[in-house]
Amino acid sequence: MNWSGLESLLSGVNKYSTAFGRIWLSMVFVFRVMVFVVAAQRVWGDESKDFVCNTRQPGCTNICYDHIFPISHIRLWALQLIFVTCPSLLVMAHVKFREGKDRKYVELHQGSHLYANPGKKRGGLWWTYLLSLVFKAGFDTAFLYILYRIYHGYDLPRLSKCSLEPCPNTVDCFISRPTEKKIFMLFMVVSSALCIFMCICEMIYLIGKRIAKLVKVRHENERVMFADQHELTEIAPPRSQYRRTDPTLGSQVSLNKKEKIKEGTVTTTL
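The sequence shown: position 240 = 240 (the UniProt record's numbering), numbered continuously.
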């Protein structure tokens, strides 16, 4: 499988992802894809060839191998990586759809844009991104559960008992390098758990940021409505109230009145 093509395809998702999304994508390709391609495939390369049972009964070894390994770890992990990385393509497809829609809108409306930034996680793109995180965490969780149920835990025993037909009796079967395979299996399980944790952190970050934004917008709307309902009146009194009056003005007026009265009176002598 050409994993480099998938890596180049998903590298474009980085510019639409948050910091948690970039860390998740780096973990997938460094700790899972590279380990899967470089080491895990070689470790499980002798899975069926070196599987040995202490019997020469024809068909017994094949039946016991199919019972102990219902599905190969390598093929199960390959399916897991494909299912986990595909939801990121939903985000890229939605962004491309927005860009095409915006391009048509620009042509029809002479330069005005429908989306200021098609890659901005708003509206439907926000829901698509959140849904992709749910799918990624869900697929990883489902495959970890499948692996646990098929192999009855995350362990590879050195000795396995098999008593299925056409085996004549209970035979002992041995797999090659069980300790090394167990180490790689635990490494892939821990890597998957860390990726699930990063998806959950990113979902909490997106939801928390959205709630904080809604609360801020609601607070701003309430503040504007309060200002509209309680318009500020002119607190300062008219300038005429601040005119300074001369304290001697009243006495001066009374003196003028007295002088006019004296002039108007006629004195007579007897």
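Note that the Cβ used here is the ideal one computed from N, Cα and C, for glycine as well.
Just so you know, these numbers come straight off a predicted model, no measurement behind them.
In this structure, Arg-98 sits near Leu-125, with a CB-CB distance shorter than 8 Å. Per DSSP, Asp-228 is one residue of the alpha helix (DSSP H) stretching across 178-229. Per DSSP, reduced to three states, the secondary structure at Ser-88 is helical.
Of all alpha-carbon atoms in Pro-87, Lys-15, Arg-32 and Gly-21, the one lying nearest the alpha-carbon of Met-188 is that of Arg-32. About 7 Å separates the Cβ atoms of Pro-166 and Ile-63, confirming a contact at the 8 Å cut-off. DSSP links Asp-172 through a beta bridge to Lys-161. With respect to Val-52, Cys-173 sits close: the two C-beta atoms are nearer than 8 Å.
Under DSSP, no beta-bridge partner is assigned to Val-35. When rounded, the separation of the alpha-carbon atoms in Gly-21 and Val-190 is 18 Å.
With a cutoff of 8 Å on beta-carbon distance, Val-13 and Val-91 are scored as near each other. Here Leu-133 really is in contact with Glu-202; their C-beta atoms are around 6 Å apart, less than 8 Å. In this structure, DSSP gives Cys-167 a state outside helix and strand, which the three-state scheme calls coil. For Ala-142, the enclosing alpha helix (DSSP H) has its first and last residue at 124-151. Three or more beta-carbon pairs separated by less than 8 Å link the region 68-80 to the region 143-151, which places the two stretches in contact. Bridge pairing for Val-52: Phe-174 [DSSP]. Contact check between the region 215-229 and the region 25-42: fewer than three CB pairs, one atom from each, fall below 8 Å, which does not count as touching. Straight through space, the alpha carbons of Pro-87 and Phe-135 are spaced by roughly 6 Å. Rounded to whole angstroms, the separation of the alpha carbons of Ile-74 and Met-185 is 10 Å.
Excluding its 5 nearest sequence neighbours in each direction, Gln-57 has C-beta neighbours in its own chain below 7 Å: Pro-166, Cys-167 and Pro-168, listed in chain order. By alpha-carbon distance to Leu-194, the top candidate from Leu-156, Ile-211, Val-28 and Ile-82 is Val-28. Under the 10 Å beta carbon count, Lys-49 is surrounded by fewer than 16 other beta carbons and is classified as exposed.
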